[in-house]
Each structure stands twice: as C-alpha cells, then as structure tokens.
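Chains as they are written, first to last, in numbering that gives the first Met the number 0: chain F, 0 to 99; chain W, 0 to 99.
Protein chains: 2
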Amino acid sequence: MSRMIKEALETIRDLEEIGVVTKQTLRDFEVQAVPAPTYTADAIRHLREQLHVSQAVFAAYLNASVSTVQKWENGEKKPSGAALRLLSVIERKGLEVLVA
Amino acid sequence: MSRMIKEALETIRDLEEIGVVTKQTLRDFEVQAVPAPTYTADAIRHLREQLHVSQAVFAAYLNASVSTVQKWENGEKKPSGAALRLLSVIERKGLEVLVA
DNA sequence: CCGTATTATAGCACTAAGTGCAATAGACGA
DNA sequence: TCGTCTATTGCACTTAGTGCTATAATACGG
Numbered sequence: 000m001s002r003m004i005k006e007a008l009e010t011i012r013d014l015e016e017i018g019v020v021t022k023q024t025l026r027d028f029e030v031q032a033v034p035a036p037t038y039t040a041d042a043i044r045h046l047r048e049q050l051h052v053s054q055a056v057f058a059a060y061l062n063a064s065v066s067t068v069q070k071w072e073n074g075e076k077k078p079s080g081a082a083l084r085l086l087s088v089i090e091r092k093g094l095e096v097l098v099a
Numbered sequence: 000m001s002r003m004i005k006e007a008l009e010t011i012r013d014l015e016e017i018g019v020v021t022k023q024t025l026r027d028f029e030v031q032a033v034p035a036p037t038y039t040a041d042a043i044r045h046l047r048e049q050l051h052v053s054q055a056v057f058a059a060y061l062n063a064s065v066s067t068v069q070k071w072e073n074g075e076k077k078p079s080g081a082a083l084r085l086l087s088v089i090e091r092k093g094l095e096v097l098v099a
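If you want it as structure tokens, here you go:
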C-alpha cells in the first residue's frame, strides 16, 4: 500500500516537472483539485435569503458581526478566505452543520 | 403549533425584560444557545496535527494563506469569527466537509 | 390609529486580521 | 551532497472586521 502511495507521488512529481501541477504531496494534490470559493455581494444575500434568516441571525451562525454581513452584502468589504470557505459549506450543507 | 411558538416568544420577551436574554426572535434564541467557538494557538496546532496535514495543506483547505495559519499557531494573530466557526466545523466534521 | 419591535442601510473611525516576501534551519530521501 | 518539504521569524502593507449612531420602511399588537 505504501508502495502505491510512493508511486503516486512519483507520478505527481513527474507531472510537476512538465508544469501540470505545482505542488507535490498527495494531500496537496487533492486540495488543489478543489476550486477556491467565490461569492459576489448578491450571491451572499441570495444565499442568506434562501435560508430565510435575517442579517442578525445569519451573522450569529457565522460567528461574525451584523456589520460584517451588511458590508459583504453591500459590496463594501469582501469575505476573507476562511469566510468564503464557510459560506460554501453553508451553501452545500446548510446552517445546521455550523451548530450541531 | 403556532400557538406554542407565540407562547415561546412571549416567554422569551418576558425573560428579556428581566435581562436574561437580549435578542428576541425564536431563531435568535436558537443561535444564542450556541456558544461562540474559541481556539488557542496550541489548540489550532493540535487540531491540524490531529488531521495529519502540513500548514500548507491546512491553509488550502481553509482557503487561507500559509502565513495566516502560521500566525494563528504562533499566537501572533487570532482567527476571525468566521474562521473560528470554520475550525469548529472541521473539528466536529473533519476536513472532508469543506471540499466534498 | 398609534406605538413598538424588527429589519436593513449608511457613515464614521479604529483595531487587528490577512497576505506576501525573504531569509533561515532542521529533517528526509534520492 | 543536493534538493525538497517543513516550519519559523521578521517586516511591511492592505483591508477585513467591528462598534456605534442615526435613519427609514415594514409589520404587528393594543
């Protein structure tokens, strides 16, 4: 089994030499396949309205301030990387996974 | 059923007058029952090591930079509210929920 | 019909999170 | 021994995150 992993790593390193992939560990390879989430201001608002929650409640779930959610939805500030990831989790799994 | 909800809201409003709770809608009440996650620098590091991933891979999952993860673990910076929530999700659900 | 609570917006000012880059160093395998 | 991965440290910069206040529209109960 560890032989298979080593061979897989070699394959990835070969691909890296050609320039197909940039990172090298197997785990990196997995992660790289996952696109970074992006959300426009409207997308965030639609996501929240789809969940039927107010800005205040949404903020509580996110563990963020109301002010922050407002600025996201009005395009004044953009969510940080981790916040974007959290939004993508909510979109796919719902609000329950955050608290349960 | 909607009578029960109304009564629950009345109860919450009563409690609010006394100062036990500050918010008022039923949804707010639910969310308020969920404690805000807190993580020390060591706790974050232990969480990551428990998952057997490097800082780089962990950062990729979080959709954050390596520099950010390092500063969390070295106590130079603290994760934002949304980042804390994301960490709690990872701790309870694993890394897979972030990407699958 | 009036008062109250909820919801969301807008503006302001401040703190601190997030990022990038470069240099350094230990571990490990080819 | 060379190259790579790993992590640390320090620096400088950008901007996300937060709090507060005032304002306005809506909805609901007395």
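Glycine is no exception: its CB is placed at the ideal position from the N, C-alpha and C atoms.
Would you mind telling me which residues of chain F sit closer than 9 Å to residue i, beta carbon to beta carbon, in chain order?
i, result
"Ser-79/W", "Asn-62, Ala-63, Thr-67, Ser-79, Ala-81 and Ala-82"
Taking Cβ positions, are residue i and residue j nearer each other than 8 Å?
i, j, result
"Leu-46/W", "Leu-61/W", "no"
"Val-98/W", "Leu-97/F", "no"
"Gly-74/F", "Ala-42/F", "no"
Buried or exposed, going by whether 16 or more other CB atoms sit within 10 Å of the CB of residue i?
i, result
"Ser-64/W", "exposed"
"Glu-72/F", "buried"
"Met-0/F", "Unreliable positioning characterises Met-0/F in this predicted model, as indicated by a pLDDT of 42, which lies under 50. The coordinate reading is nonetheless provided below. Per the 10 Å Cβ criterion, exposed."
To the nearest angstrom, report how far apart residue i and residue j are at their CA atoms.
i, j, result
"Gln-54/F", "Ala-35/W", "17 Å"
"Gly-93/F", "Gly-80/W", "18 Å"
"Gln-23/W", "Val-68/F", "Here the model assigns Gln-23/W a pLDDT of 48, short of 50, so the residue's position is not dependable and the matter cannot be decided."
"Arg-44/F", "Pro-78/F", "13 Å"
"Val-56/F", "Phe-57/W", "29 Å"
"His-51/F", "Leu-83/F", "20 Å"
"Ala-59/W", "Thr-37/F", "14 Å"
"Glu-48/W", "Glu-90/W", "12 Å"
"Glu-95/W", "Glu-95/F", "16 Å"
"Lys-76/W", "Ser-66/F", "21 Å"
"Lys-70/W", "Val-33/F", "24 Å"
In the DSSP assignment, the alpha helix (DSSP H) including residue i goes from what residue to what residue?
i, result
"Ala-55/W", "54 to 61"
"His-45/F", "40 to 49"
"Leu-85/W", "80 to 92"
"Lys-70/F", "65 to 72"
"Val-96/W", "95 to 98"
Below 7 Å on C-beta distance, what does residue i contact in chain W?
i, result
"Ala-35/F", "Asn-62"
Listing by chain order, which chain F residues have their CB less than 7 Å from the CB of residue i?
i, result
"Leu-85/W", "Ala-81, Arg-84 and Leu-85"
"Lys-92/W", "Val-96"
Note down, in chain order, every chain F residue with its Cβ under 8 Å from the Cβ of residue i.
i, result
"Lys-70/W", "Those do not exist, as Lys-70/W stays about 13 Å from chain F at its closest Cβ, beyond 8 Å."
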